[in-house]
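Asker: Add 12 to a position in the sequence shown, counting from 1, and you land on the number used in our numbering. All residues carry an ideal CB built from backbone N, CA and C; glycine is no exception. All values reported here derive from a predicted model rather than from experimental measurement.
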Amino acid sequence: SCTGPLDGGIRYRGLTQEQVKILPVDYEIEYICRGSRVIVGPKVRKCLPNGTWTDMNQLSRCLLVCPRSWMSLENGRVALLPPGQPVEGTVLHYSCHAGFLLEGFNISHCTKLGKWDSPKPFCVSRQTDREKLYIGALFPMSGGWPGGQACLPAAQMALDLVNNRTDILPDYELELIHYDSMCDPGEATKLLYDLLYTEPIKIVLMPGCSSVSTLVAEAARMWNLIVFSYGSSSPALSNRQRFPTFFRTHPSATLHNPTRVRLFQKWGWTKIATIQQTTEVFTSTLDDLEERVKEAGIEISVRQSFLTDPAVAVKNLKRQDARIIVGLFYETEARKVFCEVFKEKLYGKKYVWFLIGWYADNWFKIKDPAINCTVENMTEAVEGHVTTEIVMLNPETVRGASNLTSQEFLAQLMSRLGGKNPEETGGFQEAPLAYDAVWALALALNKTVAPLRAKSWALEDFNYNNKEITAEIYRALNTSSFEGVSGHVVFDAQGSRMAWTLIEQLQGGSYKKIGYYDSTKGNLSWYGNDKWIGLGPPADQTKVIEEFRYLSQKLFVSVSVFAGLGILLGIVCLSFNIYNSSVRYIQNSQPYLNNMTAVGCVLALAAVFPLGIDGLHIQRSQFPVVCQFRLWLLGLGFSLAYGSMFTKIWWVHTVFTKKDEKKEKRKHLEPWKLYATVAVLLAIDVLSLLIWQIMDPLHITVEKFTKEAPKEDLDVLIQPLLEHCSSEKMNTWLGVVYGYKGLLLLLGIFLAYETKSISTEKINDHRAVGMAIYNVSVLCMITAPVTMILSSQQDASFAFASLAIIFSVYITLVVLFVPKIRRLITRGEWQSEQQDTLKTGSSTNNNDEEKSRQLERENRELQKIIQEKEERVTELRSQLAERQALRSRRRPSVQNQNQNHSVPSSQAEPPNYCPATDKQSLPPSFSNSSNLYQGEGKLSRNNCHNSRLPLLYK
Numbered sequence: 013s014c015t016g017p018l019d020g021g022i023r024y025r026g027l028t029q030e031q032v033k034i035l036p037v038d039y040e041i042e043y044i045c046r047g048s049r050v051i052v053g054p055k056v057r058k059c060l061p062n063g064t065w066t067d068m069n070q071l072s073r074c075l076l077v078c079p080r081s082w083m084s085l086e087n088g089r090v091a092l093l094p095p096g097q098p099v100e101g102t103v104l105h106y107s108c109h110a111g112f113l114l115e116g117f118n119i120s121h122c123t124k125l126g127k128w129d130s131p132k133p134f135c136v137s138r139q140t141d142r143e144k145l146y147i148g149a150l151f152p153m154s155g156g157w158p159g160g161q162a163c164l165p166a167a168q169m170a171l172d173l174v175n176n177r178t179d180i181l182p183d184y185e186l187e188l189i190h191y192d193s194m195c196d197p198g199e200a201t202k203l204l205y206d207l208l209y210t211e212p213i214k215i216v217l218m219p220g221c222s223s224v225s226t227l228v229a230e231a232a233r234m235w236n237l238i239v240f241s242y243g244s245s246s247p248a249l250s251n252r253q254r255f256p257t258f259f260r261t262h263p264s265a266t267l268h269n270p271t272r273v274r275l276f277q278k279w280g281w282t283k284i285a286t287i288q289q290t291t292e293v294f295t296s297t298l299d300d301l302e303e304r305v306k307e308a309g310i311e312i313s314v315r316q317s318f319l320t321d322p323a324v325a326v327k328n329l330k331r332q333d334a335r336i337i338v339g340l341f342y343e344t345e346a347r348k349v350f351c352e353v354f355k356e357k358l359y360g361k362k363y364v365w366f367l368i369g370w371y372a373d374n375w376f377k378i379k380d381p382a383i384n385c386t387v388e389n390m391t392e393a394v395e396g397h398v399t400t401e402i403v404m405l406n407p408e409t410v411r412g413a414s415n416l417t418s419q420e421f422l423a424q425l426m427s428r429l430g431g432k433n434p435e436e437t438g439g440f441q442e443a444p445l446a447y448d449a450v451w452a453l454a455l456a457l458n459k460t461v462a463p464l465r466a467k468s469w470a471l472e473d474f475n476y477n478n479k480e481i482t483a484e485i486y487r488a489l490n491t492s493s494f495e496g497v498s499g500h501v502v503f504d505a506q507g508s509r510m511a512w513t514l515i516e517q518l519q520g521g522s523y524k525k526i527g528y529y530d531s532t533k534g535n536l537s538w539y540g541n542d543k544w545i546g547l548g549p550p551a552d553q554t555k556v557i558e559e560f561r562y563l564s565q566k567l568f569v570s571v572s573v574f575a576g577l578g579i580l581l582g583i584v585c586l587s588f589n590i591y592n593s594s595v596r597y598i599q600n601s602q603p604y605l606n607n608m609t610a611v612g613c614v615l616a617l618a619a620v621f622p623l624g625i626d627g628l629h630i631q632r633s634q635f636p637v638v639c640q641f642r643l644w645l646l647g648l649g650f651s652l653a654y655g656s657m658f659t660k661i662w663w664v665h666t667v668f669t670k671k672d673e674k675k676e677k678r679k680h681l682e683p684w685k686l687y688a689t690v691a692v693l694l695a696i697d698v699l700s701l702l703i704w705q706i707m708d709p710l711h712i713t714v715e716k717f718t719k720e721a722p723k724e725d726l727d728v729l730i731q732p733l734l735e736h737c738s739s740e741k742m743n744t745w746l747g748v749v750y751g752y753k754g755l756l757l758l759l760g761i762f763l764a765y766e767t768k769s770i771s772t773e774k775i776n777d778h779r780a781v782g783m784a785i786y787n788v789s790v791l792c793m794i795t796a797p798v799t800m801i802l803s804s805q806q807d808a809s810f811a812f813a814s815l816a817i818i819f820s821v822y823i824t825l826v827v828l829f830v831p832k833i834r835r836l837i838t839r840g841e842w843q844s845e846q847q848d849t850l851k852t853g854s855s856t857n858n859n860d861e862e863k864s865r866q867l868e869r870e871n872r873e874l875q876k877i878i879q880e881k882e883e884r885v886t887e888l889r890s891q892l893a894e895r896q897a898l899r900s901r902r903r904p905s906v907q908n909q910n911q912n913h914s915v916p917s918s919q920a921e922p923p924n925y926c927p928a929t930d931k932q933s934l935p936p937s938f939s940n941s942s943n944l945y946q947g948e949g950k951l952s953r954n955n956c957h958n959s960r961l962p963l964l965y966k
């Protein structure tokens, strides 16, 4: 409900005076005025749910109306400011048509008494003896920039005022001959031909957009014509050698670039992207921008262009992650670009677009059949973009050469436009430049009258071959300086207007001024009202946060515990071996080599700790030291542990695979040769590692992985990094080391296999050594390539390498030392060799038992051989019987004839028959096999000899 006002002049519909104190929601009240006064402001107000009335920011007043007859002028025009009814405060501006002069005041104000403060003026016909000077103009009423829609009325308004002035060109009258260039150089070429080769002669040419001005200005010097543009911003037009007679009230487009660079610096951007329409004006502007940003240390990372269809260019911007984008294109192409921007989602809190500020204020709301996006789509896509615009309307209330303020100019222009919406009128922002262009030209022509008269020349004498008049007009324009409705008008040495730059931002669908920039002084005036969709200005690129990958501490601690226990086990084994080194059983296992193995295992386990140390525990500068510890501990540990085992197995293979005549040498084992072999292997490793570290020392390298997006909706990416120990030729060194170690591992496996059935008292644990070599070799040959493959996965690589080391060491220590400890504990063999000799027969009994077990094993092996031989004899006997049967069938007659003369087989002696005394010495298994040698002489070629039989029972 609302409280009804009790003031007079308000009509309450259907309510009494008592009922107006509290009014319901949606109730309407109506203002009425007494007498001849009229309502200015809202006439009807509605009660809102929040207890207020509609349009409370607008006053409703009852004012007197001034006579409406003052609002019309025969042969002239009247501009009403502000538009509406002629009430108190209304101002009328009068002007006459061409050929007429205004008699009276050109301005009249409506007073609070309802009367005008000056008599109504009138237009009288001017004298016809004034010379006409013709201006050939090209106004783009359509096309890429339809600036002529507002610029042409502004220029005509300026011409009317100039022609009505008696102090400016009193003997001349300016007349405008204009055509629609459609902002098309091809169309402009035809129109330029018509202007030049059709009477009357034009004293000045006035083109509009840059592409047309470039064509006209380059050709005009051949006709000695001054070219004066009101809407050309191309930087190329500042080339005095190419365009010697060109002037413009529109500043060069390069004037935007210092402002853009200043804004880039203000918001901390160092990387931008650009997209441009392929025309000379935008190409030259972009070239200038590229030079300026380079000087400022800003990079143009993406540069895209298009001719008519921007779809591919916009997709490329999206694909290359462009964030801060400068767009250079005309208004019609801007709608195409942002339709594609909407489709590609190249807008929002991550993006900022910089556009040209001379588009119509509602350019994105204009329906365009060339695009398939709705107004809502376009409004969403363009929100938050920034424009840089030349200051084209004087912000101060100053009356310049035309005796109009900038606001009075806008009021008259609106009157000429007939109530058109300025936002839908092309060139409305540039209209003050067209207006001042006519005034600058008129003042320059007026300035040339006296110098030309001194030379017996006049403006009407101009023709396309008269360079003197052109030179006078050029000098007059070059020294022009006056206050116009667009600000102070002055030209630089290239004929371009110098001005301030206005910075605006689209906020909530409308442009808001956020600052000014004076490029001549480098001053930025900032209002601080810029708004962003996010928390602030977006980043110029996706912010990349470097994040190092560190080893899992749980894994590191777990593996370290196992490694520590392994080191403790190695120390225990080493202590045991040293303490019991005088025991014969320990002595027969070469305890010094076993000590080396234990020390090597401890060193290898110690390498696990630096393998797990990374940047989480130490500083980056200390990392190379950790790399050295990894290399040397693991290298020396492997050389000692594996080298000592390899030496044992190599000696066993070397000694017990010799020929029979050197059997006696097996008994002589020289320990120094074993130690020398380990020393050689260790020296090779030390030398190779020294050469490696001197020529190509290890250092820290950082591996980069694919960027990852965090789970939160942040404009950042995570760059995972991993530290490695590496050198310049890491693969080469690893190839050499792995090749050498791999050959040793393979050779060790071969030697272990070859000596698996050999027994020797000099090295009584060589079978355990062989088993350890098997395990170590397999683990090493698997681990080396796998860790190289998994090097980018710190947890997996560490786990695989460290566990391989731990398992290898545990297996080696358990296989080599645990049986010795168990034997000494279970059999009580803790005494030294000297102590063993004091005990009666203890040492002898142990040796006899060992020999007895060995003979039992050999007997079992020989029994297997005998069994195989018996099976062979049985097979041969069956074959012989078959042959004899076959012969008896073939020769029955021969056998019958000789039957009486044959000797019994039991009494025949083969040539190599063994006597019965020898037969008695055969073992039972061979006693029946002697019948083989009684049937056929060929089967008994080998002589029986008793010397071979004792081997079975040796």
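Assess, as a yes-or-no matter, whether the stretch 413-428 is touched by the stretch 546-559 under the definition of 3 or more beta carbon pairs within less than 8 Å.
Answerer: no
Asker: Can you tell me where the alpha helix (DSSP H) with tryptophan 365 in it begins and where it stops?
Answerer: Not the alpha helix (DSSP H): tryptophan 365 falls in the beta strand (DSSP E), residues 364-368.
Asker: Spatial neighbours of phenylalanine 112 within its chain, please: CB distance less than 7 Å, with the 5 preceding and 5 following residues excluded, ordered by chain position.
Answerer: Asn87, Gly88, Cys135, Val136, Ser137 and Arg138
Asker: Measure from the alpha carbon of isoleucine 378 to the alpha carbon of each residue in Ala346, Lys832, Asn406 and Leu701, then state which is nearest.
Answerer: Ala346
Asker: Going by DSSP in three states, methionine 218 sits in which element: helix, strand or coil?
Answerer: strand
Asker: Go through the stretch 217-271 residue by residue and report every complete run of the alpha helix (DSSP H) that reaches 4 residues or more, in order.
Answerer: 222-232
Asker: Does the structure place the stretch 75-85 close enough to the stretch 95-105 that three or more beta carbon pairs sit under 8 Å?
Answerer: Yes, the stretch 95-105 touches the stretch 75-85.
Asker: Please state if the CB of serine 120 and the CB of serine 130 are separated by a distance shorter than 8 Å.
Answerer: Contact flag set, yes.
Asker: DSSP three-state label for leucine 457, please.
Answerer: In the three-state reduction of the DSSP assignment, leucine 457 falls in the helix class.
Asker: Just how far apart, CA to CA, sit lysine 327 and serine 313?
Answerer: 15 Å
Asker: My guess is that aspartate 542 and isoleucine 526 are in contact by the Cβ rule of under 8 Å, so how many angstroms apart are they, rounded?
Answerer: 5 Å
Asker: Who are the Cβ neighbours of aspartate 972 in its own chain at under 6 Å, not counting the five residues just before and after it?
Answerer: This structure does not reach residue 972, given that the chain is present from 13 up to 966, and the question cannot be answered.
Asker: For proline 732, which of helix, strand or coil comes out of DSSP?
Answerer: Three-state DSSP puts proline 732 in a strand.
Asker: Check asparagine 535 in the structure and name its three-state DSSP category.
Answerer: In the structure shown, asparagine 535 sits in a strand (DSSP, three-state: E or B).
Asker: Need the endpoints of the beta strand (DSSP E) that arginine 73 sits in, please.
Answerer: Residues 73-75.
Asker: Cβ atoms of proline 732 and glutamate 987: under 8 Å apart, would you say?
Answerer: Past the boundaries of the shown model lies residue 987; the chain is included only from 13 to 966, so the question cannot be answered.
Asker: By how many angstroms is the C-alpha of glutamate 40 removed from the C-alpha of glycine 53?
Answerer: When rounded, the distance between both Cα atoms is 15 Å.
Asker: Provide the residue span of the beta strand (DSSP E) that contains glutamine 805, from first to last.
Answerer: Counting along the chain, glutamine 805 falls outside any beta strand (DSSP E), and DSSP gives it neither H nor E.
Asker: Name the DSSP bridge partner or partners of aspartate 530?
Answerer: Asn535
Asker: Can serine 246 and threonine 226 be called in contact, C-beta distance under 8 Å?
Answerer: yes
Asker: Phenylalanine 255: which of Thr261, Asn269 and Val239 sits nearest, CA to CA?
Answerer: Looking at the Cα atoms, Val239 is the closest of the given residues.
Asker: Check whether the Cβ atoms of aspartate 206 and glycine 155 lie closer than 8 Å to each other.
Answerer: no
Asker: Do you know how far the Cα of lysine 660 is from the Cα of phenylalanine 762?
Answerer: 13 Å
Asker: Can you grab the Cα-Cα spacing for the pair valine 349 / aspartate 448, in whole Å?
Answerer: 33 Å
Asker: Near threonine 178, what residues of its chain come up, given a Cβ to Cβ distance below 7 Å and the 5 sequence neighbours on each side ignored?
Answerer: none
Asker: Thinking just about the alpha-carbon of each residue, which of Glu715, Ile706 and Arg779 is nearest to the one in tryptophan 745?
Answerer: Ile706
Asker: Entirely within the stretch 323-355 and at least 3 residues each: give me those beta strand (DSSP E) ranges in chain order.
Answerer: 336-340
Asker: Across which residues does DSSP place isoleucine 661 in a beta bridge pair?
Answerer: According to DSSP, isoleucine 661 bridges with nothing at all.
Asker: Ordered along the chain, which non-local residues of its own chain (more than five positions away) have a Cβ less than 7 Å from that of tryptophan 370?
Answerer: The answer, listed in chain order, is Glu401, Gln441 and Glu442.
Asker: Short of 7 Å in beta carbon distance, which residues of its chain neighbour alanine 231, apart from the five on each side in sequence? Order them along the chain.
Answerer: Around alanine 231: Leu204.
Asker: List, from N- to C-terminal side, the alpha helix (DSSP H) runs of 4 residues or more that fit wholly inside the stretch 453-511.
Answerer: 479-490
Asker: Please classify valine 620 as buried or exposed, where buried requires at least 16 neighbouring CB atoms within 10 angstroms.
Answerer: buried
Asker: I'd like to confirm the pairing. Which residues does DSSP put opposite arginine 315 in its beta bridges?
Answerer: Thr286
Asker: For the stretch 784-795 against the stretch 819-833, do three or more pairs of beta-carbon atoms, one drawn from each stretch, fall closer than 8 Å, so that the two count as touching?
Answerer: yes
Asker: Closest to leucine 301 by CA distance: which of Glu883, Pro322 and Arg274 is it?
Answerer: Arg274
Asker: Between which two residues does the beta strand (DSSP E) holding cysteine 195 run?
Answerer: Neither: cysteine 195 is in no beta strand (DSSP E) and is coded neither H nor E.
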